[in-house]
Every structure is written in structure tokens, then in C-alpha cells.
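Protein chains in written order, with numbering that gives the first Met the number 0: chain A, 0 to 328; chain B, 0 to 334.
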Amino acid sequence: MTAPVLELKNVAKTYRVKQGLFGKPKPLTAVNDVSLTLGRGEVLGLVGESGCGKSTLAKILLGLEAPTSGQVLVDGEEIAGQDRLALARRIQPIFQDPYSSLNPRKTIADIVSLPLRVHGIGDSASRAKSVRETLDLVGLPARVLNTYPSQMSGGQRQRVAIARALIMRPEIVICDEPTSALDVSVQSQILNLLNELREEFGLTYLFISHDLAVVEHLATRVAVMYLGRIVEEAPVAALFDAPRHPYARALLNSVLTPDPAQGVPDTQLGAAYPNPIAPPPGCHFHPRCPFAQDHCKAAAPRSVPVGQGHVKCHLHDPDTPMYRPDFTV
Amino acid sequence: MSDQNEKPLLSVRGLTLDIPLASGMLHAVRGIDFDLHRGETLCIVGESGSGKSLTSLAVMGLLDKNIRRSAARMDFDGTELTTASRRQMRALRGDRIAMIFQEPMTSLNPAYTIGDQLIEALQLHRSVSRDTARKRAVELLEKVGITAAASRLSQYPHQLSGGLRQRVVIAMALMCEPELIIADEPTTALDVTIQAQILRLLVDLTKEMNVAMILITHDLGVVARVADKVGVMYAGELVETGPASDVFGTPMHPYTRGLLRCIPQPGKTERGAPLGTIPGIVPSLVGDVQGCAFRTRCPHAVDACRAAIPERGAPPHEFLCVHPDGARAAEGVPA
Numbered sequence: 000m001t002a003p004v005l006e007l008k009n010v011a012k013t014y015r016v017k018q019g020l021f022g023k024p025k026p027l028t029a030v031n032d033v034s035l036t037l038g039r040g041e042v043l044g045l046v047g048e049s050g051c052g053k054s055t056l057a058k059i060l061l062g063l064e065a066p067t068s069g070q071v072l073v074d075g076e077e078i079a080g081q082d083r084l085a086l087a088r089r090i091q092p093i094f095q096d097p098y099s100s101l102n103p104r105k106t107i108a109d110i111v112s113l114p115l116r117v118h119g120i121g122d123s124a125s126r127a128k129s130v131r132e133t134l135d136l137v138g139l140p141a142r143v144l145n146t147y148p149s150q151m152s153g154g155q156r157q158r159v160a161i162a163r164a165l166i167m168r169p170e171i172v173i174c175d176e177p178t179s180a181l182d183v184s185v186q187s188q189i190l191n192l193l194n195e196l197r198e199e200f201g202l203t204y205l206f207i208s209h210d211l212a213v214v215e216h217l218a219t220r221v222a223v224m225y226l227g228r229i230v231e232e233a234p235v236a237a238l239f240d241a242p243r244h245p246y247a248r249a250l251l252n253s254v255l256t257p258d259p260a261q262g263v264p265d266t267q268l269g270a271a272y273p274n275p276i277a278p279p280p281g282c283h284f285h286p287r288c289p290f291a292q293d294h295c296k297a298a299a300p301r302s303v304p305v306g307q308g309h310v311k312c313h314l315h316d317p318d319t320p321m322y323r324p325d326f327t328v
Numbered sequence: 000m001s002d003q004n005e006k007p008l009l010s011v012r013g014l015t016l017d018i019p020l021a022s023g024m025l026h027a028v029r030g031i032d033f034d035l036h037r038g039e040t041l042c043i044v045g046e047s048g049s050g051k052s053l054t055s056l057a058v059m060g061l062l063d064k065n066i067r068r069s070a071a072r073m074d075f076d077g078t079e080l081t082t083a084s085r086r087q088m089r090a091l092r093g094d095r096i097a098m099i100f101q102e103p104m105t106s107l108n109p110a111y112t113i114g115d116q117l118i119e120a121l122q123l124h125r126s127v128s129r130d131t132a133r134k135r136a137v138e139l140l141e142k143v144g145i146t147a148a149a150s151r152l153s154q155y156p157h158q159l160s161g162g163l164r165q166r167v168v169i170a171m172a173l174m175c176e177p178e179l180i181i182a183d184e185p186t187t188a189l190d191v192t193i194q195a196q197i198l199r200l201l202v203d204l205t206k207e208m209n210v211a212m213i214l215i216t217h218d219l220g221v222v223a224r225v226a227d228k229v230g231v232m233y234a235g236e237l238v239e240t241g242p243a244s245d246v247f248g249t250p251m252h253p254y255t256r257g258l259l260r261c262i263p264q265p266g267k268t269e270r271g272a273p274l275g276t277i278p279g280i281v282p283s284l285v286g287d288v289q290g291c292a293f294r295t296r297c298p299h300a301v302d303a304c305r306a307a308i309p310e311r312g313a314p315p316h317e318f319l320c321v322h323p324d325g326a327r328a329a330e331g332v333p334a
């Protein structure tokens, strides 16, 4: 791996949530002891069910939320205490819904040039030039400069959002479900564009998506999140070809490839997603795990290095009675 | 799949939906035909604006007043839906024709308990006691895989997760033992693992109870796994219809092939390689629409594509393309 551009060390985020009108606030650990390393030019796919903490992690990286504990390092420097503006130059977001992430009252030129104006870069002539160049990069013609978001299709709007993110030439782009609001024919154009831009500018992506086929296509590494923890993290081929964590397997089983010879898969997961305010003891996943044993209810699994990744499961931990080194599910 | 010689449960011919706009008439659905037999699942797949949701609303008689519907025939087991009165339609809906929508929170009333809503669904159409209706509600909640069903009856929708809510909606749809279920994007708002569970439930229940289903979706993976029959919709027309194995195995319309190339297919698509795209945009359906609506985006369009497109192929696999072989050859797809 190249020198890490982004590093997370034991990052945790705890919110205090009130239950009912007079209830005492209880801690909700949305992100729990997350450690990740991302090299330059890598695409880390982050997958997991709604409520597992994916978006909270994205907010921490964007500096919109401070972690309760742990460190986030960009190019080896800790971001805590750094200027928000300085951070925004290096990390930019692309959000899911291009209908709500663009100001409807501003023209495309205003929207795309806003980061330059906020950071006080250049004069109006050089900013206009930069906007035209960036629009060209994302495949939008210069004639859209004076139009409004409402005059554009969903795919065009997402291109505007990408242009706005890239005009500062950031190092890291956080893509939070960037194509899930788009039609399939538009989705493929945007995914191709993201891939081309990554190669051209050496960008690093954190790619959050619930569509595992898209993650498999775009990511170089994948992290699987469950109830605030990364339960497995591995290079894309290793994770998709031989998932080690039972939850990763269940997620992969749920992918519906367009193959009419196969029916709807049985995920072998119970329906109940656990309450994050009162998570189950031991391994958080044990109530839904088809391989759970008594040990899983008693002890939380630690992170064990396996191959080029990590997994949190007793089945892969040589220090537990459940250890099965050959276990790939 | 059911016997094709048997009379279809639902037979639609020439369904046309027009919406008058200030700029002219919008031809949202342009003369579509399909048949659906008991126990059969038809998936209608298409992109936004293709008219798939309007088609399902037209069958249920739930269109906005300003939308003009005309059809040569919409026969539901002997009842002609085009001429049915509002009272007749109301009696059918929720009874013999049930509906499942995308977002379970909006199809459940937040102010009433699950039990009240399930019981009402049955009592609206059947003269049964509240006690009998309650028993049926518990029975169905168990059938859709909800644990502690009896205690759920007193819960409100907000107390359930999205997946459980959609199970409740399915139970509600089944209260009156419908013959046809229309499901519009029933799993789009759900997580992948929950999506697989809900789809499996729908497939198992419709087969077990011999219920016909129209499932509207934009997800080709869902279609392939669930459908007996597939209808690919583009610009208000069913451009390709047929058994799922035929449509996915030998897609005849360039649009169907284009869609399949746009999605990454694990095991088939090379990781990181560029995905296929469909250039251009959907044409405006305002005013006169002539010839093949896909010709502006089709890499193999010829002059003949400007004229009216006759139905090609033979039942059950039919499509609207004048030169399927030429198009396949140009794409390098073996015939």
C-alpha cells in the first residue's frame, strides 16, 4: 500500500439519546472503535444496513461531527483542532440526492464556484475559468452555467455536485450513496465518470453504498459495518470471493444478480435489527448469526488480522475455543 | 407457472393514458397489452417516467382525475374495469385486488394500531365479527414471519422497523385473500438483506395461495429473481415482453440489452472496467410521437425506425424493434 492519506485510529462517536419525554438520556454508540487506513488512489467501499453508522462516520471525516474518542489523520496530521476550511480543501462530499443538495435559487455557475469564493481563491475571471474547466471535466457543456438546478435532469445535477466537490482539487472525496437516486442508465455514466476522475487526479474515495454490486465494481477495499463496528475489512477480491464474517456473507448472499435461473436467496438472518441503545452482549451480531455459540454471547470478538484484512469473529481468532482457521463462508 | 391455455385473470389491451398539459398532450402510456394468469408474477421494469407506475394505478382505478384513460379492454376475471363504476372499483380494491406500495410508513396510518388497521381491512369487505377478524390478523402476521404476533396488534406503525412495517402491509394486503396483488417498488426503501427476505416472502406466498402479482420495479436483479413474465417499459410502451429466462437469456430489444450492460454484474463485469451506457435522454412524450421512441438513443437506428413499429417475435417473447438482427450484429452479440 502507498503512504496512507487517511487514517482512523479507534474512532468512536457516542450520542446521548433521550427515551420519552422524561426519560434519562442513554448513550448510543453510533461508531465504535473504528480503525481504517486508506492509501492514495484507493477506493474504500463502506457497506452495511441503515443505522449501522456509515453516515456518522462520513460526518466525522468531513469535520461535521467531532469523534468522542480516537483520532482521524489526513496525511499523518490529526484533523481535530484543525481549521474547518483547511479540512474542506482536502476532503469534499458528494451526497445521495442531487435534488436536495443543490440550492435551487442559485445558478450552476454560482453553485460550482462557491467553494472558491468561500476560500477566497482567485479573482472573478480566474474563478470563471476554473468553473468552465471543471464543468468540462464532468461532461457538462458551458451553456449550463446560467441555468438553475430545476432545469437539469438527475444525472446532470449529480455531475454539478461532482464538479462542486472537485473544483478545490481535494485529495479525498466522500461519496455517500452517490448513485442510488439515479436511473440505471444514468448510474453507469456517473460511476464511469467517478472512476475516470479518480485515475486522472489520483483521488481517494470513501464510497458508501448499499448496492454491493456497485461497491464490488468500484472499490479496491471494502469495509463491512455492523452496529457501529467494522466487522470485516479486506481487499475487494478477497471479500467478495471468500467473505469471512458471517454478516459479510449474508450481505453478499442478498445481492440479486440479474440471473433468472436463481430464485430469491435465503439470507439466513433473523429479521430483527438490534436496538443500538441496548446492543446485545458479546458479539453484537450473535442473535442473527447462524454460527453463533455460547462463547459469542459472552465475549466480544477482537479484531484479528487475516490475509490482507481484518475480521472480528471468534471463528477466526486462534485464542478462542471456536477457532476454525479454514472457515470461509 | 400456470397453464397458458386457461383464461387469463387480467387481460389488458391497448391501455393508453394521456395527460393534458399547457404545452400539449403528454402521451404517458401508449397502447400497452398484457395478460396475467393466476399464480403468475409479471414484473414491469423501466426507468423513471416510463409509465410503469401509471400503468399499475390505471389497473386499480386510482389515476388522478386529469389523466385520460382509454383501453380497448381491461378484463379482470369477467369484470370490465374500463366501464366499472367507482363503487365497483372500491369493492374490488383491497378485496380481490390488493396493493403494496414502496414506503410502508405512508401506507399505514400512524394514528391507529396495527390491529385496528388489519381488522378494518377485512371488515370493510366481509361481514365478520371483530373477533374473527382479529384471529385472521394474528394468523397472517405469523404467516409473514412476525414473531409475538398477538402482542403486535396493539402496537403503532412507528414502533416497528421498516422491514416489519412492510410485512404488516403485506399481511394487510392478504387479509381478504386477493386474487391479484399489485406491488409498486415494494422493497426499494429497504436494506438489501431485508429486501431479499421480503421478496422471498412475496414469492412464497403468491405461489402458495395462487395469487397473481404485478411487481413494478427499476431493479433488474429483482426482476430476474422474482418474475415469471417480464415487461420492459420505455417511453410509455412495453418494448419487450416474455418469460424471464427468454428476456434475460436472449434480450431482443436494444434498450433491454443496454440496460443489462449498464449494471455491474458480479462475475461477469470486470471490476473497475467502464460500464456500458445508454447515450442521450428519454424523448419528450408531449405531442405526436412517431416510430420507435428509442431510435434517438439507439446506436443502430435506420430510416425504418421512424415509421410505426410492428410487434415482432412470437408469443410469449415479443418485442418492438424493426431490425433486431441488425442491431444484435452491430453490437457484436451472437444471434
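Just so it is clear, CB atoms sit at the ideal spot from N, CA and C, and this is done for glycine as well.
Contact residues within the segment 15–33 of chain B, judged by C-beta distance below 7 Å to chain A: none
Collapsed DSSP secondary structure at C42 of chain B in the structure displayed: strand
Beta-carbon gap between A255 of chain A and D218 of chain B smaller than 9 Å: Note that residue 255 of chain A corresponds to Leu in the displayed sequence, not to Ala. For L255 of chain A and D218 of chain B, yes; Cβs fall inside 9 Å.
C320 of chain B at chain A interface by Cβ criterion, 9 Å: no
N- and C-terminal bounds of the beta strand (DSSP E) containing M208 of chain B: Where M208 of chain B is concerned, there is no enclosing beta strand (DSSP E), although the alpha helix (DSSP H) it sits in stretches over 191–208.
As assigned by DSSP and simplified to three states, the class of S34 of chain A: In this structure, S34 of chain A counts as strand in the three-state DSSP scheme.
Test item: CB-CB of Y254 of chain B and I277 of chain B under 9 Å: yes
DSSP-derived helix/strand/coil call for Y225 of chain A: strand
Residue of B:M251, B:V301, B:A300 minimising C-alpha distance to R311 of chain B: Minimum Cα distance to R311 of chain B is reached at B:M251.
Under 8 Å from the C-beta of T276 of chain B: neighbouring residues of chain A: The answer, in chain order, is S184, S187, Q188, N191.
Other residues of its chain near R166 of chain B: CB distance less than 6 Å, five sequence neighbours each side excluded: V143, I145
Closest residue to A64 of chain A among A:R197, A:A160, A:A79 (Cα-Cα distance): Looking at the sequence shown, residue 64 of chain A is not Ala but Glu. Residue A:A79 is the option with its Cα nearest to E64 of chain A.
Residues, ordered as in the chain, of the segment 196–209 of chain A that lie near chain B by beta-carbon distance below 9 Å: H209
Cross-chain neighbours of L211 of chain A in chain B, by beta carbon under 7 Å: V191
N- and C-terminal bounds of the beta strand (DSSP E) containing G230 of chain B: For G230 of chain B, the enclosing beta strand (DSSP E) starts and ends at 228–233.
Range of the contiguous alpha helix (DSSP H) that encloses I78 of chain A: Segment: none, I78 of chain A is in no alpha helix (DSSP H) and carries neither H nor E.
Residues that G306 of chain A contacts on chain B, provided the C-beta gap is smaller than 8 Å: Within chain B, no residue comes near G306 of chain A; the closest Cβ sits about 18 Å away, beyond 8 Å.
P114 of chain A in three-state terms, based on DSSP: Correct three-state label for P114 of chain A: helix.
Alpha carbon of V303 of chain A to alpha carbon of V321 of chain B, nearest angstrom: For V303 of chain A and V321 of chain B, the distance between alpha carbons rounds to 59 Å.
Euclidean distance between Cα positions of V310 of chain A and L226 of chain A: 15 Å
Minimum Cβ-Cβ distance from T295 of chain B to chain A less than 9 Å: no
Residue-chain proximity (M0 of chain B, chain A), Cβ-Cβ < 9 Å: Bear in mind that a pLDDT of 46 at M0 of chain B, under 50, signals an unreliable position, so the number given afterwards is only what the model happens to contain. False, the Cβ-Cβ gap to chain A never drops below 9 Å.
Between the CA atoms of T178 of chain A and D96 of chain A - distance to the nearest angstrom: 8 Å
Pairwise C-alpha distance: Q18 of chain A and P24 of chain A: 6 Å
C-alpha gap between Y246 of chain A and V332 of chain B, whole angstroms: 38 Å
Neighbour-count burial assignment, N145 of chain A, 16 or more Cβ in a 10 Å radius: It counts as exposed.
Start and end residues, beta strand (DSSP E) containing C174 of chain A: 171–175
Contact set between R133 of chain B and chain A, taken where Cβ atoms lie within less than 7 Å: Within chain A, no residue comes near R133 of chain B; the closest Cβ sits about 23 Å away, beyond 7 Å.
Contacts of V221 of chain B in chain A (Cβ-Cβ under 8 Å): Here the neighbours are L255.
Near-chain A residues of the segment 114–127 of chain B (beta-carbon distance less than 9 Å), N- to C-terminal order: none
3-residue-minimum beta strand (DSSP E) runs that sit fully inside the segment 288–316 of chain A, ordered along the chain: 303–305, 308–310
Extent of the continuous beta strand (DSSP E) to which R12 of chain B belongs: 9–20
Residue burial classification, Q196 of chain B (beta-carbon count within 10 angstroms, cutoff 16): buried
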